[in-house]
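Notes follow the structure.
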Amino acid sequence: MRKYGFSSSILLSLCARLILGVIFIYASIDKILHPENFAKAVYNYQILPHLFINPIAIVLPWLELILGVFLVLGLFREGSVGLVTLLLLVFLGAMAFNLARGLDIDCGCFGTGIGASGVHMGWYLLRDALFLVPALYLFFNTFPQRRWRQA
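Here the sequence shown is numbered in my numbering, starting from 258 and rising by one per residue.
Structure below.
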């Protein structure tokens with residue numbers, strides 16, 4: 258598919274960047290506007306020491322916003338793709354950990370409305386695993402295999 262100078266991998270990378278970027282931007286907005294509610298969502302995970310809950314609730318949404326903008330604009334590609342992939346893996350790990358412990362909490366991913374959303378944590382886990390697909394595609398296309406062999 259080399260019509261108009263675009264290859265299919267360039268187009269697929271662009272789509273993956275735009276999708277993930279918009280998702281991260283959208284996910285950050287409500288958390289930035291309501292940090293106290295997001296702090297409650299972070300607390301409900303029962304993973305972090307209390308000392309880290311408020312700083313995470315303030316910094317993480319801004320990091321998501323900045324990374325989302327970087328992905329959409331194609332800026333700092335290696336860093337933004339690497340951090341987005343790492344964040345998604347951390348989010349998946351936290352949700353899987355709570356699911357294994359029997360905690361069925363609201364993930365706090367897109368909205369900070371605390372309370373029962375009626376959605377089982379397993380669905381959040383599946384959704385975020387689907388988000389990981391374009392992230393991994395970008396990761397392995399941003400960091401080609403030859404770099405891994407040289408290390």
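Virtual Cβ for every residue (Gly too), placed ideally from N, Cα, C.
Quiz prompt | Beta-carbon contacts of Arg274 that lie in its chain and below 6 Å, excluding the five residues immediately before and after | solution = Leu328
Quiz prompt | Any non-hydrogen atom of the ligand NAP closer than 7 Å to Ala296 Cβ | solution = This structure lacks the ligand NAP; in fact it carries no ligand of any kind.
Quiz item: Is Ala386 buried or exposed, if buried means 16 or more other CB atoms sit within 10 Å of its CB?
Solution: It counts as exposed.
Practice problem: Give the C-beta separation of Gly278 and Val326 to the nearest angstrom, bearing in mind that I take them to be a contact with Cβ-Cβ under 8 Å. | Solution: 7 Å
Quiz item: What is the C-beta distance between Ile304 and Ala351, in whole angstroms, given that I count them as a contact (C-beta under 8 Å)?
Solution: Sure, about 6 Å apart at Cβ, within 8 Å.
Self-check item: Distance, Ile313 Cα to Tyr394 Cα
Solution: 27 Å
Quiz item: Given a threshold of 16 other Cβ atoms within 10 Å of its Cβ, counted over all protein chains shown, does Ser285 qualify as buried or as exposed?
Solution: buried
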